[in-house]
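Before any comments, here is the structure.
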Amino acid sequence: MPTLLYFARLRETFGVEREQVPLPAPASVAGLLDALRARGSVWATELAPGRAFRVAVNQRVANAETAVADTDEIAIFPPVTGG
Amino acid sequence: MPTLLYFARLRETFGVEREQVPLPAPASVAGLLDALRARGSVWATELAPGRAFRVAVNQRVANAETAVADTDEIAIFPPVTGG
Amino acid sequence: MHPADSVRVQTAPFDIGDEHARIAALSHATGAIASFTGLMRDTNEGDAVRAMTLEHYPGMTEAALVEIVTDARKRWALQAVTVVHRVGTLLPGEAIVLVLTASAHRGEAFSACEFIMDYLKTRAPFWKKEETPAGSRWVDARASDDDAAARWIDDGVTD
Amino acid sequence: MHPADSVRVQTAPFDIGDEHARIAALSHATGAIASFTGLMRDTNEGDAVRAMTLEHYPGMTEAALVEIVTDARKRWALQAVTVVHRVGTLLPGEAIVLVLTASAHRGEAFSACEFIMDYLKTRAPFWKKEETPAGSRWVDARASDDDAAARWIDDGVTD
């Protein structure tokens with residue numbers, strides 16, 4: 000199953016740092032986000048289209064069309080604020 | 000009498016670091032340069048119109064029209080190359 | 000990564016004098032070293048800030064920094080680059096990030112240093128949480144940082 | 000000159016770590032310190048250079064540096080500026096000049112640092128003489144330095 004990681008404000012809001020989720024259908028970032036939004040509450044609000052969050056697949060910046068495979072590490076995080 | 004200072008390559012070429020010269024007529028940078036050029040040899044060559052040199056009067060950048068008085072310190076030097 | 004470069008994410012403070020000396024000693028062909036140090040300010044958005052915690056994404060963050068340095072090396076002739084970014088809890092006045100760029104000439108060193116900072120601010124996964132009198136809060140990303148990074152994008156290239 | 004600023008011409012080497020620490024300690028409102036260090040290269044115009052002697056115009060040089068820093072402060076909100084320039088004989092690898100600029104934000108620190116270097120290169124009376132295998136020679140001024148300084152002149156203003 001893909002591993003999901005959450006960082007910073009989203010980690011705190013979701014109350015989870017890491018979890019494994021079933022491979023979504025379609026097996027893409029878009030499919031995964033739909034599955035997460037279907038949990039409702041903060042998941043639906045924070046991941047709503049238009050909200051500012053980023054997705055990385057295997058530590059590379061991804062977009063909605065990026066494919067997601069069974070052993071992938073997918074990270075969801077807010078816009079970065081380092082430096 | 001005005002004090003003249005020479006720096007860097009011009010100091011070496013003229014073979015003088017500091018000298019006092021009579022107040023030129025007209026009492027301006029242009030008048031002073033004409034008096035120096037009248038010495039001939041390296042003075043005429045190095046200070047020929049169009050050559051790259053700078054003049055400061057009392058430690059402020061000057062031009063041909065800048066007035067020159069009896070107690071002034073006038074410096075003549077090549078374009079700067081610090082930093 | 001180029002062997003003269005150093006990219007690190009660490010909790011420990013760094014010493015800019017040591018980092019500068021390392022990069023200066025590498026080659027007598029270096030004529031210019033530009034540096035940027037980001038320091039923790041004691042105010043932000045009008046509020047007092049008494050501490051800050053920096054979080055990162057281990058692995059991806061280091062890879063992002065290496066990629067930014069690699070991009071900079073494609074644009075400018077650089078003799079050495081150092082990027083050090085701290086994580087964990089910091090107090091006002093402490094240094095957060097250091098970027099050093101060494102080149103033969105100053106224009107390249109300056110441009111590369113500013114480029115690396117602009118891209119680091121928008122592409123490297125770090126997040127800041129501030130402790131203010133009203134409680135803790137995550138710092139929001141700045142549109143001005145996106146603008147700063149965008150000016151390095153050549154016309155017609157969207158990399 | 001602003002009390003937080005330091006402008007010096009000296010024969011002794013300087014320590015960038017010490018200079019950076021001084022400027023960083025002044026205020027916790029400082030979020031950004033940019034620096035530039037100019038180093039003596041062991042080649043110039045294709046020739047080996049084994050030593051360099053820097054001459055200046057005592058009094059006028061310091062005044063010119065103060066004026067450049069004052070100009071920078073009119074353009075950007077700076078918390079502190081340090082300019083140290085060495086004179087006398089230097090060997091390859093030695094630092095010639097250091098400019099440090101502290102500001103709340105990085106854009107101002109970077110711009111001010113680059114501005115000060117560009118103006119220093121064209122307006123501060125320093126002259127370099129190089130020792131090469133073929134003898135000693137005075138370094139010629141570079142047109143590229145004039146170009147670098149000219150880009151700070153606002154349209155219609157010729158200061």
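Residue numbers (numbering that gives the first Met the number 0), protein chains in the order written: chain A, 0 to 82; chain B, 0 to 82; chain C, 0 to 158; chain D, 0 to 158. Glycine included, every Cβ here is placed at the ideal spot set by N, Cα and C. Keep in mind the model is a prediction, meaning the values are calculated, not measured.
Proximal residues of chain D, C-beta to C-beta of residue 238 (chain C) below 8 Å: Residue 238 (chain C) is absent from the structure shown; chain C starts at 0 and stops at 158.
Sequence-distant residues of its chain with Cβ nearer than 7 Å to residue 22 (chain C) (five each side left out): 32, 79, 81, 99 and 101
Beta-carbon separation (whole angstroms), residue 36 (chain B) vs residue 43 (chain B), contact threshold 8 Å: 5 Å
Alpha-carbon spacing of residue 134 (chain D) relative to residue 42 (chain D), whole angstroms: 14 Å
Buried or exposed by the 16-neighbour rule on C-beta atoms within 10 Å, applied to residue 40 (chain A): exposed
Under 8 Å by beta carbon: chain D residues contacting residue 58 (chain B): 56, 58, 59 and 62
8 Å Cβ cutoff, residue 53 (chain D) in contact with chain B: yes
Identity of the residue in A:81, A:73, A:80 and A:31 nearest residue 16 (chain A) by Cα: A:73
Reduced DSSP secondary structure (H/G/I, E/B, other) of residue 46 (chain D): strand
Reference residue 117 (chain D); option with closest CA among C:119, C:105 and C:116: C:105
CB contact flag (residue 77 (chain A), residue 9 (chain A), <8 Å): yes
Three-way DSSP call (helix, strand, coil) for residue 84 (chain C) in this model: strand
Runs of beta strand (DSSP E) lying entirely within the region 88–128 of chain C, each at least 3 residues, in chain order: 94–102
Where residue 25 (chain C) falls: helix, strand or coil (DSSP): coil
Member of C:124, C:103, C:7 and C:97 whose CA lies at the smallest distance from the CA of residue 113 (chain C): C:97
Residue burial classification, residue 90 (chain C) (beta-carbon count within 10 angstroms, cutoff 16): exposed
Other residues of its chain near residue 64 (chain A): CB distance less than 8 Å, five sequence neighbours each side excluded: 27, 28 and 29
Residue 30 (chain D) versus residue 24 (chain D): straight-line alpha-carbon distance, rounded: 11 Å
Proximal residues to residue 61 (chain D) (C-beta, below 7 Å), its chain only, five neighbours per side dropped: 6 and 8
Test: residue 45 (chain C) CB closer than 8 Å to a CB of chain D: no
Alpha carbon of residue 79 (chain A) to alpha carbon of residue 58 (chain A), nearest angstrom: 14 Å
Proximal residues of chain C, C-beta to C-beta of residue 113 (chain D) below 7 Å: 109
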